[in-house]
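Note sheet for the following structure.
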Amino acid sequence: MITRVVELALEAAPENAVIRRIQLHVGALCDADPLWLERYFRVAARGSAAESASLDIRRDDSTPEADRRRPTDYWLESIEVLGGEP
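Going by numbering that gives the first Met the number 0, the first residue of the sequence shown is number 0, and it counts up by one from there.
As structure tokens, this is what we get:
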């Protein structure tokens with residue numbers, strides 16, 4: 000799961016940008032533990048443009064899209080970058 004999050008963030012970031020923050024949203028019933036997600040993130044992001052990024056995890060199912068998503072889902076909410084090509 001976290002490897003895919005890093006892949007998506009890297010794909011979404013402009014070329015040559017440094018990713019500063021990744022916001023990950025997890026459904027209320029997603030069994031991913033935030034502490035372990037952070038640990039796995041550090042390993043998965045090592046050596047990439049996301050290596051020094053913070054990982055912000057939000058857990059709830061109160062989004063307007065909740066009817067389209069299951070409470071066990073997770074999704075990349077946003078990334079914040081520094082620099083890069085427009």
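From the three backbone atoms N, C-alpha and C, an ideal C-beta is built for every residue, glycine too.
Here the structure is a predicted model, which is why all the values come from computation and not from measurement.
### Query
Per DSSP, Val17 forms a beta bridge with which residues?
Leu81
### Backbone secondary structure at Glu50 - three-state DSSP
coil
### Task
Kindly indicate which three-state DSSP category Arg38 falls into: helix, strand or coil?
helix
### Query
What is the DSSP secondary structure of Trp45, reduced to helix, strand or coil?
Sequence inspection shows Arg at residue 45; the Trp mentioned does not correspond to that position. Coil, per DSSP.
### Query
Are the CB atoms of Ala49 and Ala11 nearer to each other than 8 Å?
no
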